[in-house]
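Please read the structure below before turning to the comments.
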DNA sequence: ATTACCATCCCCATAAATAGCGAGGGTATA
DNA sequence: TATACCCTCGCTATTTATGGGGATGGTAAT
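Chains as they are written, first to last, in our numbering: chain Y, 13 to 249; chain A, 13 to 249.
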């Protein structure tokens with residue numbers, strides 16, 4: 013069993029396309045004898061990347077019904093660091109229970125386990141195992157396999173980022189120390205007067221830094237410049 | 013050796029204070045026979061949370077010299093998903109090399125390995141192993157231990173989040189869809205007129221969303237609001 | 001059924017940011 | 001020794017953002 017997982021991880025590490033990831037999710041489903049295994053991104057603009065064993069109908073319905081905004085799994089994972097057992101989430105809202113019922117009519121099991129994965133620049137993905145089981149059996153399954161599944165989830169996300177060239181196109185320009193400080197002050201909410209005072213320079217000088225940083229970052233205005241500085245990681249607030 | 017790691021993880025899971033984490037980092041250092049083992053947050057105001065075996069002098073110097081802005085480890089990890097071997101980072105800048113030399117004079121080894129860890133609301137932490145070794149030996153060490161160390165890093169971060177009640181008081185406020193759209197437009201560099209046009213609303217209405225978002229985010233101005241929205245991950249540009 | 005929040009619109013006055021013109025001395029690097 | 005940044009400072013005019021005050025109708029949850 014242990015060696016079998018190693019094989020799966022090796023296959024995963026050798027994957028070179030989305031189709032390969034698809035195959036891996038199917039192999040994982042069979043290996044763990046669950047109903048479904050799914051990996052997908054949860055971006056601001058819905059779905060852009062995913063591989064898994066859910067039926068096309070369910071995926072379509074999920075998107076069509078905008079379940080991303082309803083699903084307690086999405087919401088719960090977004091606020092949590094640790095993996096989540098579905099049963100422990102908040103299913104009190106009517107919309108959530110309706111979604112769960114709908115899911116089961118599309119072949120999903122009653123139990124689920126989802127690992128949140130976070131990458132650079134706000135990238136966020138989920139790795140889910142879904143099955144039909146009673147609460148105790150599912151908890152045992154999760155206890156026994158969480159660590160392995162975390163490794164699998166990590167490798168899946170690594171590959172997905174590779175395939176999508178996440179962060180490749182974003183080559184960050186280098187700002188001077190003063191420019192970085194200026195951007196940081198602004199990102200902290202200081203206005204120009206406060207920032208200038210903080211850096212012990214005239215407000216005019218500060219302005220020069222801001223302008224300079226803005227041009228280097230190819231930004232339309234200060235807010236844009238700070239946004240770019242933050243999302244490329246050249247400043248951290 | 014394997015069982016020893018399990019013991020460490022168990023100790024970690026039973027930890028109930030920052031001091032306990034400190035003890036764990038020391039035990040990890042001894043177990044892996046490295047020079048240093050460190051876990052810390054990389055947040056707005058430098059250090060707010062950390063445990064590790066670096067000398068107080070080095071930590072003070074690091075903060076005093078503002079090495080957070082220089083350190084290629086910070087920058088590299090912030091842009092990457094996968095763990096990082098220090099040698100593979102960009103040390104071409106003079107400031108970076110000076111920092112490295114300074115570090116070695118404060119008892120750090122020449123090799124390092126750092127795992128980036130991301131939690132909800134933009135939380136970002138690093139787990140680092142540091143040692144004196146040649147390149148090959150270090151690479152071997154990393155290859156053999158990455159998975160275990162990832163688990164350790166995960167458990168450390170879990171505990172750190174617990175201790176700091178991350179998500180309790182620091183829960184990112186939920187913005188309405190329109191507020192999120194407004195923030196996103198601004199983060200993309202549009203001004204109010206352009207954003208309003210993009211969303212097909214009057215400029216005044218847009219302003220109401222911005223104001224509302226600003227209050228929810230506890231921000232001083234628009235730039236600050238966008239910065240917070242970005243760094244907590246509630247919008248992605 | 002009431003409370004809360006959402007989406008949408010308007011006016012006015014003030015504060016702040018942007019755009020344009022400058023200038024000088026310092027430190028690298030090619 | 002040029003060339004290229006980096007850091008620092010000033011003035012003026014225009015454009016934009018912010019902070020108050022409002023109002024209406026809708027949806028969702030308790």
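For each residue, glycine too, the CB sits at the ideal point set by N, CA and C.
If you measure between the beta carbons of residue i and residue j, is that distance less than 9 angstroms?
| i | j | result |
| --- | --- | --- |
| residue 70 of chain Y | residue 124 of chain Y | no |
| residue 225 of chain A | residue 191 of chain A | yes |
| residue 158 of chain A | residue 122 of chain A | no |
| residue 193 of chain Y | residue 221 of chain Y | yes |
| residue 11 of chain Y | residue 234 of chain Y | Given a span of 13 to 249 for chain Y in the structure shown, any question on residue 11 of chain Y remains unanswerable. |
| residue 202 of chain Y | residue 247 of chain Y | no |
| residue 134 of chain Y | residue 245 of chain A | yes |
| residue 78 of chain A | residue 108 of chain A | no |
| residue 106 of chain A | residue 147 of chain A | no |
| residue 232 of chain A | residue 162 of chain Y | no |
In whole angstroms, give me the CA-to-CA distance for residue i and residue j.
| i | j | result |
| --- | --- | --- |
| residue 47 of chain Y | residue 142 of chain Y | 6 angstroms |
| residue 209 of chain Y | residue 62 of chain A | 30 angstroms |
| residue 27 of chain Y | residue 54 of chain Y | 22 angstroms |
| residue 223 of chain A | residue 207 of chain Y | 22 angstroms |
| residue 132 of chain A | residue 153 of chain A | 30 angstroms |
| residue 42 of chain A | residue 93 of chain Y | 28 angstroms |
| residue 13 of chain A | residue 22 of chain Y | Legend: pLDDT at residue 13 of chain A = 48, less than 50; position of this residue unreliable, value from coordinates given subsequently. Going from the Cα of residue 13 of chain A to the Cα of residue 22 of chain Y covers about 24 angstroms. |
| residue 240 of chain A | residue 76 of chain A | 25 angstroms |
| residue 17 of chain A | residue 229 of chain Y | 46 angstroms |
| residue 172 of chain Y | residue 30 of chain Y | 8 angstroms |
| residue 24 of chain Y | residue 213 of chain A | 47 angstroms |
| residue 238 of chain A | residue 249 of chain Y | 12 angstroms |
| residue 74 of chain Y | residue 227 of chain Y | 42 angstroms |
| residue 115 of chain A | residue 72 of chain A | 12 angstroms |
| residue 187 of chain A | residue 219 of chain A | 14 angstroms |
| residue 113 of chain A | residue 155 of chain A | 26 angstroms |
| residue 184 of chain Y | residue 176 of chain A | 32 angstroms |
| residue 189 of chain Y | residue 149 of chain Y | 56 angstroms |
If you drop the 5 nearest sequence neighbours on each side, which residues of the same chain put their C-beta closer than 6 angstroms to that of residue i?
| i | result |
| --- | --- |
| residue 126 of chain Y | 85, 89, 96, 138, 140 |
| residue 129 of chain Y | 137, 165, 169 |
| residue 102 of chain A | 84 |
To which residues of the same chain is residue i closer than 7 angstroms at the C-beta, ignoring the five residues directly before and after it?
| i | result |
| --- | --- |
| residue 37 of chain A | 49, 50, 51, 63, 64, 65 |
| residue 9 of chain A | No statement about residue 9 of chain A is possible, as the shown extent of chain A runs from 13 to 249 and does not include it. |
| residue 67 of chain A | 118, 119 |
I'd like to know whether the C-beta of residue i is nearer than 9 angstroms to at least one C-beta of chain Y.
| i | result |
| --- | --- |
| residue 111 of chain A | no |
| residue 233 of chain A | yes |
| residue 97 of chain A | no |
| residue 198 of chain A | yes |
| residue 247 of chain A | yes |
| residue 201 of chain A | yes |
| residue 152 of chain A | no |
| residue 162 of chain A | yes |
| residue 36 of chain A | no |
| residue 17 of chain A | no |
| residue 20 of chain A | no |
| residue 61 of chain A | no |
| residue 85 of chain A | no |
| residue 1 of chain A | As displayed, chain A neither begins before 13 nor continues past 249, which places residue 1 of chain A out of reach and without an answer. |
Could you tell me whether the Cβ of residue i comes closer than 9 angstroms to any Cβ of chain A?
| i | result |
| --- | --- |
| residue 159 of chain Y | yes |
| residue 118 of chain Y | no |
| residue 243 of chain Y | yes |
| residue 192 of chain Y | yes |
| residue 132 of chain Y | yes |
| residue 170 of chain Y | yes |
| residue 23 of chain Y | no |
| residue 138 of chain Y | no |
| residue 125 of chain Y | no |
| residue 240 of chain Y | yes |
| residue 166 of chain Y | yes |
| residue 58 of chain Y | Only weak support is given to the placement of residue 58 of chain Y: the predicted model assigns it a pLDDT of 47, under 50, and the value that follows is read from those uncertain coordinates. No, no contact with chain A. |
| residue 92 of chain Y | yes |
| residue 189 of chain Y | yes |
| residue 173 of chain Y | yes |
Once the 5 residues before and after residue i are set aside, which same chain residues still bring their CB inside 8 angstroms of it?
| i | result |
| --- | --- |
| residue 34 of chain A | 63, 64 |
| residue 215 of chain Y | 204, 205, 208 |
| residue 58 of chain Y | For residue 58 of chain Y, the pLDDT reaches just 47, beneath the cut-off of 50, and the residue's location in the model is therefore unreliable, leaving the point undetermined. |
| residue 160 of chain Y | 17 |
| residue 20 of chain A | 36, 39, 40, 43, 164 |
| residue 251 of chain A | Coverage of chain A is limited to positions 13 through 249, which leaves residue 251 of chain A absent and any answer about it impossible. |
Let me check you understand the geometry: is the CB of residue i closer than 8 angstroms to at least one non-hydrogen atom of the ligand ADP?
| i | result |
| --- | --- |
| residue 33 of chain Y | Judged by which ligands are present, the structure shown has none, so any question about the ligand ADP falls away. |
In chain order, what residues of the segment 205 to 236 of chain A put their CB closer than 8 angstroms to some CB of chain Y? If the cut-off is 8 angstroms between Cβ atoms, the segment 205 to 236 of chain A has 231, 232, 233, 234, 235, 236 near chain Y.
Where the segment 70 to 83 of chain A meets chain Y: residues whose CB sits under 8 angstroms from a CB there: 80, 81
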